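Each remark here refers to the structure printed beneath this line.
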Ligand SMILES: C[C@@H](O)[C@H](N)C(=O)O
Ligand SMILES: C[C@@H](O)[C@H](N)C(=O)O
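Residue numbers (this note's numbering), protein chains in the order written: chain A, 1 to 163; chain B, 164 to 326.
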């Protein structure tokens, strides 16, 4: 009988960047991710919502290791040159909380519980990228340790901290 | 030696819904997800980007099984009553492609390859929710089968189709 949540991780080494107002045409996402991969930059969480700008453009956000941030400008510069309305925007300092659960697809409401545990501490959720097997959300960096602690507590995993 | 991508799945049973312009305060995400869970509605992909509306509100998008769509209005109605500027908006018909790879965190550029395979067919990527272990994106429903086929081909998994 699988536990609903198997492990919860806190990542304090990520920084969040968005490419704002990119052309919403095939190839855009591929170009951005390829340029960063070619620069040896690993992307952790990639988020693109369904929202569009008035000119039809989109935002694509991702998180990357803080140490890689300085190389990202150089990596993306050739692409951004082709997109006059697009630019890079840094988010505030973040912490990423992710919970992996073998039990999660079958267990309704795991994400709700994680979000509730975090909300009860008055911590705002800044980004969400969740799939059946993994609930991942981003909070302000200063709230990371608290968020990890309360989510652990919520699932009775107090003694199994994983970073 | 782990393959970069272990399995690629196509889900044609999901529909995409956004809750538009919800209050960006602790508890909002928890309330939405709890209400849906209480109505026995499983959420597959939950996406919240960093974007804000002019009034500070946010959008939260999710995908759910088509059969559950009719129950979602009822489930969310008590919450939406408290948020006068918020409303539900349906996306167009979608297909969800997700690739799981044991090799993915160590292998740079897996997302880039998946997005490139899809882009080469002229298929637009509508939403992205990707983490280290799983690349998940959404295309128009009519493009789903083609997207699955080309991603399989790209990773040499032509003979291991999984739905
Ligand atoms: C915005 C970006 O995702 C674009 N739609 C693409 O397919 O690459
Ligand atoms: C918008 C929503 O994610 C809100 N910030 C919350 O914490 O619940």
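The beta carbon of each residue, even a glycine, is placed where N, CA and C say it ideally should be.
No experiment lies behind these values; they were computed from the predicted model shown.
Selection from the options that minimises the alpha carbon distance to residue i
i, options, result
"residue 208 of chain B", "A:113, A:136, A:51", "A:136"
"residue 88 of chain A", "A:114, A:23, A:17, A:118", "A:17"
"residue 220 of chain B", "A:125, A:129, A:149, A:132", "A:125"
"residue 241 of chain B", "B:232, B:198, B:281", "B:198"
"residue 196 of chain B", "A:115, A:95, A:86", "A:115"
"residue 38 of chain A", "A:74, A:101, A:142, A:95", "A:74"
"residue 107 of chain A", "B:235, B:206, B:294", "B:206"
"residue 11 of chain A", "A:64, A:41, A:55", "A:64"
"residue 258 of chain B", "B:290, B:249, B:217, B:276", "B:290"
"residue 263 of chain B", "A:28, A:76, A:158, A:134", "A:134"
"residue 234 of chain B", "B:275, B:204, B:191", "B:204"
"residue 224 of chain B", "B:281, B:192, B:188", "B:192"
Local Cβ density within 10 Å of residue i, reported as buried at 16 or more and exposed below that
i, result
"residue 332 of chain B", "Summary: the structure shown does not reach residue 332 of chain B, with chain B confined to residues 164 through 326, and so no result is reported for it."
"residue 330 of chain B", "In the structure displayed, chain B extends from 164 to 326; residue 330 of chain B sits before or after that span and is not available."
"residue 177 of chain B", "buried"
"residue 143 of chain A", "buried"
"residue 253 of chain B", "exposed"
"residue 165 of chain B", "exposed"
Cβ distance (whole Å) where residue i is taken to contact residue j below 8 Å
i, j, result
"residue 255 of chain B", "residue 222 of chain B", "With a Cβ gap of about 16 Å, residue 255 of chain B and residue 222 of chain B do not count as contacting."
"residue 273 of chain B", "residue 182 of chain B", "Incorrect: roughly 30 Å between the Cβ atoms, too far for contact."
Proximity test, residue i beta-carbon vs ligand 1 heavy atom, cut-off 8 Å
i, result
"residue 255 of chain B", "no"
"residue 68 of chain A", "no"
"residue 130 of chain A", "no"
"residue 24 of chain A", "yes"
"residue 51 of chain A", "no"
"residue 304 of chain B", "no"
"residue 260 of chain B", "no"
"residue 28 of chain A", "yes"
"residue 87 of chain A", "no"
Near ligand 2: residue i beta-carbon under 8 Å from a heavy atom
i, result
"residue 119 of chain A", "yes"
"residue 211 of chain B", "yes"
"residue 145 of chain A", "no"
"residue 154 of chain A", "no"
"residue 126 of chain A", "yes"
"residue 225 of chain B", "no"
Check whether the region 198-213 of chain B touches the region 130-144 of chain A, counting contact only when three or more Cβ pairs, one atom from each stretch, lie closer than 8 Å.
yes
Any contact of the region 115-123 of chain A with the region 146-155 of chain A, i.e. 3+ C-beta pairs under 8 Å?
yes
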